[in-house]
Every structure is written in structure tokens, then in C-alpha cells.
Amino acid sequence: DAGVTQSPTHLIKTRGQQVTLRCSPKSGHDTVSWYQQALGQGPQFIFQYYEEEERQRGNFPDRFSGHQFPNYSSELNVNALLLGDSALYLCASSSRYRGPMNTEAFFGQGTRLTVV
Amino acid sequence: AQSVTQLGSHVSVSEGALVLLRCNYSSSVPPYLFWYVQYPNQGLQLLLKYTSAATLVKGINGFEAEFKKSETSFHLTKPSAHMSDAAEYFCAVSEGNQAGTALIFGKGTTLSVSS
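So the sequences go chain by chain: A and D. If you read the first sequence in our numbering, its first letter stands for residue 115, the second for the next number, and so on. If you read the second sequence in our numbering, its first letter stands for residue 32, the second for the next number, and so on.
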């Protein structure tokens, strides 16, 4: 089982550019959530996808958008990058069909985005 | 809105000593609570979770946590620290009453273990 895989592992972008991060969920999982973790902080929820639609969203501007594909993989897109977008972006996968007692989020190793 | 407060951004213990990492939560519905560990340049690994079953929850690597509703706490403990326990620890509450939904994290506690 490959677990949750994210690509790329590191990325450097210039202010104003756009970036796309990718996530493949753990086998058997159908739900993908994205989190932003600034240096020295806890992860903050960006949004969650299942059945190819955004289901929940945290307090992030519209510059942050996403997509989920039929194979459950997901992309996070950030437009008009700001210096403050520099962070570790974490993807988490889970299953909606295992019931609340058995559902937990599994995290990938993250993508380190640096905006210069 | 739900929130998590981790008391103490940095905890230092000696190898073999008791580890106690504190977490208090705020929730308007019965919460699902989690402890995650993060090693440098890694993602998050689940240590344990509380989902309204037993109030004393045992996790991996000898860690356990007790859910105390009256104190709105979910403190993490380990009887004897090991050097390999040095890492960042995050307490989280599930927004909504279904595990696997959006997690609200605390700011984290860095655990240092000295020999």
C-alpha cells in the first residue's frame, strides 16, 4: 500500500505565478482534504473533496481552488501567489464509507512551497 | 466554532521520564479528537483517536490519552520517554461529528528528549 502520495516534494515560485499541487489518496479512500501548514504552526484546513465536488471549505480566498478526478486523486491550485502562501501543503485522504468509528485521515508527506 | 488549545509550545523531558502534553478543546457537539505526530520534513502520523467509545484511548508507540468532558481536555501521556519520541505533536478536533471530516488543529507542542 503506497499510502498518500504528493508531488512535487518541493517547489519554488515567484510572486504572482500560479501553482498546481497533486495528491493521490491511499488505496480504498475516496475523500481528499488539503491543509496549509505555515512554519511553526498547526495545519489549517483549506477544503475537502469527494465525489469530484468541493464539500467543505475553510477560510481561504478564492485564489485557492481544487479538483478531484474520477480516480479520487486531487489537485490544489493557487493563483496569484503571495509571499504568505509559502508553506507546507498537506494532503489527507479518508473514506466516507467505513463509518465514523473507523474513519481517520491519513496524511502525505507534503509539498513544500516557497514563494519568492 | 470548534477550537483546540495546546498548552506549552515546547516540552522538555529526560529519557525515561513521564511525557505529558496538554490539549483543551472547544466544541458545541460531541467531539472526535485526535493526536498526530510530525517528524522533521514529514507529514502527520496518527497516534490515537477518540470517537465517543472508551474515554481512555491507547495509541501507537506507548502513548495514551484520556478524554475528560468535564474539563474539555484530551491530554497525551507516555509513562517513559524515548529519544525517538522527539517530534512535533498536534492535537486536533473533528469539525462535525463524523471522523474523517475537516480537522481543526492546535498550534503544536515540540517535545524534546534529553539523555
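Cβ atoms here follow ideal geometry from the backbone N, Cα and C, with glycine treated the same way.
Residue i, buried or exposed, once every other Cβ within 10 Å from all chains shown has been counted against 16
i              : result
residue 131(A) : exposed
residue 143(A) : buried
residue 39(D)  : exposed
residue 196(A) : exposed
residue 231(A) : A query on residue 231(A) cannot be resolved here, the shown segment of chain A reaching from 115 to 230 and no further.
residue 133(D) : buried
residue 41(D)  : exposed
residue 99(D)  : exposed
residue 70(D)  : exposed
residue 57(D)  : exposed
residue 154(A) : exposed
residue 125(D) : buried
residue 106(D) : buried
residue 59(D)  : exposed
residue 159(A) : buried
Interface flag, residue i vs chain A, CB-CB below 8 Å
i              : result
residue 94(D)  : no
residue 118(D) : no
residue 39(D)  : no
residue 138(D) : yes
residue 98(D)  : no
residue 134(D) : yes
residue 89(D)  : no
residue 143(D) : no
residue 109(D) : no
residue 64(D)  : no
residue 34(D)  : no
residue 121(D) : yes
residue 75(D)  : yes
Test: residue i CB closer than 8 Å to a CB of chain D
i              : result
residue 162(A) : yes
residue 218(A) : yes
residue 159(A) : yes
residue 182(A) : no
residue 170(A) : yes
residue 223(A) : yes
residue 155(A) : yes
residue 138(A) : no
residue 179(A) : no
residue 125(A) : no
residue 141(A) : no
residue 204(A) : yes
residue 147(A) : yes
Secondary structure of residue i, DSSP reduced to three states
i              : result
residue 198(A) : helix
residue 180(A) : strand
residue 191(A) : strand
residue 72(D)  : coil
residue 185(A) : coil
residue 55(D)  : strand
Close-in-space but distant-in-sequence residues of the same chain around residue i (CB under 8 Å, 5 per side omitted)
i              : result
residue 228(A) : 124, 125, 126, 127, 200
residue 116(A) : 138, 140, 141
residue 85(D)  : none
residue 116(D) : 50, 92, 109, 142, 144
6 Å CB neighbourhood of residue i in its chain, flanking five on each side removed
i              : result
residue 81(D)  : 64, 88, 98
residue 219(A) : 206, 208
Close Cβ partners of residue i (< 7 Å) along its chain, the five nearest in sequence each way excluded
i              : result
residue 76(D)  : 67, 68
residue 179(A) : 191
* To do: Would you list, in sequence order, the uninterrupted alpha helix (DSSP H) runs of no fewer than 4 residues that lie entirely inside the segment 95 to 133 of chain D?
  => none
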